[in-house]
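Numbering (this note's numbering), first residue to last: 2 to 463. Cβ coordinates follow ideal geometry from the N, Cα and C atoms, glycine included. Since the structure comes first, as structure tokens, the remarks are kept for the end.
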């Protein structure tokens, strides 16, 4: 009697593959429910115990698992692509302690920690599918690395360790951006006026501007577009930084151009002075000393230097010799009771690359004295650098894009889901702003988002 030969993996019917993917992406089946399909997937993909435990607890599937599925053969690859294109894809929310959520998750009182994340580390930033992590030893020395939770790869950044060294309690890494891969240029923003921007190329070296010089000390957010690095200032200048490699392969800023100039008027914060521009070329010499101009205490009320917290901040800065850049323009709402807690608003600006263009997201965040903070106003502008360069207000939509905004990383992704099209997701409050209806929806869950960042699976990294 002839024995039948099992069909090759590539000949599995589409409906069977869809069942396998459904069980893979949702949760392990109940006993007796598609056991053969689940056993098949476990045998083919070789899941690790750690990831399987997380999947049981949190009902998720890692990008590494999907990659193994696609690698079986062409038909499996196409089946997974077909499934993902039809499903809602959202980034994860990673907290500073390494625990994580996805916006579509149910409320979880005890979220799991990323299983590949090294112990005793803090997440301080992200770019696409890479996290920036900080290990601080007993002597308060920092050791920085990049970590990819989807592959488990960790890339040390000894060049950044050497530059930062022993810093004050107030020192903070504000953003870490990769131009492409960890072997390419890495841009680091800090809150120190002495090293506000650091360019790194692993294995080669670092570049820093002269301490306390413009426009670097005024830049509040950065984004790579093509080979260039762009920055916006609190006064809404748009700055272009051209970067090249020197003979040793170290990245260097070769020229600076102000593409959009801040509107004339008075500002309660320091602005990039017009005197710093080269009148003939519009290019500022790298490292030129800058000035703080147009200080107007009456434009927006600034906390008094006699305030105890401000005084403590000044004293700590004097002790540590670390001139700190404060973030966000602040406006008090209630002046009636000067000695009581006050409501106030911070105005934040984010620079986002979207469809080959640069967008500025302006957001007023209301901080009630006895309640949780919430978004008060959202505006989105597109940079028009032709002719009379200016920021152009955007209304009506984002071209089927969804913007994910956080302090540490912002990203624009294309989406087919009506619920996400033309929407801005704010990680710190969990709010979603609909550009078409100009409405805000409440947060998707009640958790503490402080210090959190977005991280995107490889399928969302384009």
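Ignoring anything shorter than 3 residues, give me the beta strand (DSSP E) runs that lie fully in the segment 164-229, in order along the chain. 174-179, 187-191, 198-202, 206-208, 220-226
Should residue 255 be labelled buried (16 or more other beta-carbon atoms within 10 Å of its own) or exposed? Within the chain shown, residue 255 is the residue found at index 254, counting from 1. Answer is exposed; the Cβ neighbour count stays below 16.
Beta-bridge partners of residue 93, as assigned by DSSP: Position 92 of the chain shown holds residue 93. Residue 93 is bridged to 456.
I'd like to check one pair, residue 427 with residue 406: are the Cβ atoms closer than 9 Å? The residue given as residue 406 occupies position 405 in the chain shown. The residue given as residue 427 occupies position 426 in the chain shown. In contact: residue 406 and residue 427 (Cβ atoms closer than 9 Å).
Quick check on residue 15: does DSSP put it in helix, strand or coil? The residue you call residue 15 lines up with position 14 of the chain shown. If DSSP states are grouped into helix, strand and coil, residue 15 belongs with the helices.
Just how far apart, CA to CA, sit residue 213 and residue 383? Reading the chain shown from its first residue, position 212 is the one you call residue 213. Reading the chain shown from its first residue, position 382 is the one you call residue 383. Going from the Cα of residue 213 to the Cα of residue 383 covers about 29 Å.
Would you identify the three-state DSSP class for residue 76, choosing helix, strand or coil? Sequence index remark: in the chain shown, residue 76 carries index 75 (1-based). The answer is helix: DSSP assigns residue 76 an H, G or I state.
Please say whether residue 97 and residue 453 have beta carbons closer to each other than 9 Å? Along the chain shown, read from residue 1 onward, the residue named residue 453 stands at position 452. Along the chain shown, read from residue 1 onward, the residue named residue 97 stands at position 96. Cβ distance < 9 Å, so residue 453 and residue 97 count as in contact.
Cβ shell of residue 150 (< 6 Å), same chain only, five flanking positions each side left out: For this step, residue 150 is matched to residue 149 along the chain shown. Cβ neighbours of residue 150 beyond the five flanking positions: 115, 117.
In whole angstroms, what is the alpha-carbon distance linking residue 388 and residue 221? Mapped onto the chain shown, residue 388 falls at position 387. Mapped onto the chain shown, residue 221 falls at position 220. Straight-line Cα distance between these residues: approximately 25 Å.
If you check the beta carbons only, do residue 163 and residue 411 fall under 9 Å apart? Here residue 163 is taken as the residue at index 162 of the chain shown, counted from 1. Here residue 411 is taken as the residue at index 410 of the chain shown, counted from 1. Cβ distance not < 9 Å, so residue 163 and residue 411 don't count as in contact.
On the three-state DSSP scale, how would you describe residue 1? For the chain, the structure presents residues 2 to 463; residue 1 sits outside this window and is missing.
Tell me the DSSP bridge mates of residue 439? Position 438 of the chain shown holds residue 439. Residue 439 is not bridged to any residue.
In three-state terms, what does DSSP make of residue 462? Taking the chain shown and counting its residues from 1, the one referred to as residue 462 is at position 461. It is coil, neither helix nor strand.
Check residue 160 in the structure and name its three-state DSSP category. In the chain shown, residue 160 corresponds to position 159, counting from 1. The answer is helix: DSSP assigns residue 160 an H, G or I state.
Throw me the rounded Cβ distance for the residue 136 and residue 152 pair, which I believe falls under 8 Å. As a working mapping, residue 136 is identified with position 135 in the chain shown. As a working mapping, residue 152 is identified with position 151 in the chain shown. Not really, about 20 Å apart at Cβ, beyond 8 Å.
Excluding the 5 residues preceding and the 5 following residue 228 in the sequence, name in chain order all residues of the same chain whose CB lies nearer than 6 Å to its CB. Against the chain shown, residue 228 aligns to sequence position 227. Correct list: empty, nothing qualifies.
Whole-number beta carbon distance between residue 218 and residue 209, since they are thought to touch under 8 Å: Taking the chain shown and counting its residues from 1, the one referred to as residue 209 is at position 208. Taking the chain shown and counting its residues from 1, the one referred to as residue 218 is at position 217. Residue 209 to residue 218, Cβ: 12 Å. No contact.
Would DSSP call residue 81 helix, strand or coil? Within the chain shown, the letter at position 80 stands for residue 81. Looking at residue 81 - three-state DSSP - the assignment turns out to be helix.
Which same chain residues end up closer than 8 Å to residue 75 when comparing Cβ atoms and leaving out the 5 residues on each side of it in sequence? Counted from its first residue, the chain shown places residue 75 at position 74. Taken in chain order, the residues that qualify are 11.
Rank 390, 160, 365, 416 by C-alpha distance to the C-alpha of residue 380 and give the top, closest one. If you number the chain shown from 1, residue 380 lands on position 379. Measuring from the Cα of residue 380, the nearest candidate turns out to be 365.
What span of residues does the beta strand (DSSP E) with residue 528 cover, start to end? Past the edges of the chain, shown from 2 to 463, lies residue 528, and the structure says nothing about it.
Would you mind sorting residue 154 into buried or exposed? The rule is 16 or more other CB atoms within 10 Å of its CB. Here residue 154 refers to the residue found at position 153 when the chain shown is read from its first residue. Under this definition residue 154 is an exposed residue.
Bridge partner(s) assigned by DSSP for residue 142: Mapped onto the chain shown, residue 142 falls at position 141. DSSP lists no partner for residue 142.
Compare the C-alpha of residue 172 against each of 434, 264, 325, 146 and name the closest. Sequence index remark: in the chain shown, residue 172 carries index 171 (1-based). With distances taken between Cα atoms, residue 172 lies closest to 325.
Paired residues, beta bridge with residue 408 - DSSP: One-based indexing of the chain shown puts residue 408 at position 407. Per DSSP, none; premise fails for residue 408.
Could you check whether residue 368 and residue 127 sit closer than 9 Å to each other, using their CB atoms as the reference points? Taking the first residue of the chain shown as 1, we reach residue 127 at position 126. Taking the first residue of the chain shown as 1, we reach residue 368 at position 367. Taking 9 Å as the Cβ cut-off, residue 127 and residue 368 do not qualify as a contacting pair.
Taking the beta carbon of residue 390 as the centre, do at least 16 other beta carbons fall within 10 Å, making it buried, or is it exposed? Sequence index remark: in the chain shown, residue 390 carries index 389 (1-based). Looking at its Cβ environment, which holds fewer than 16 other Cβ atoms inside 10 Å, residue 390 is exposed.
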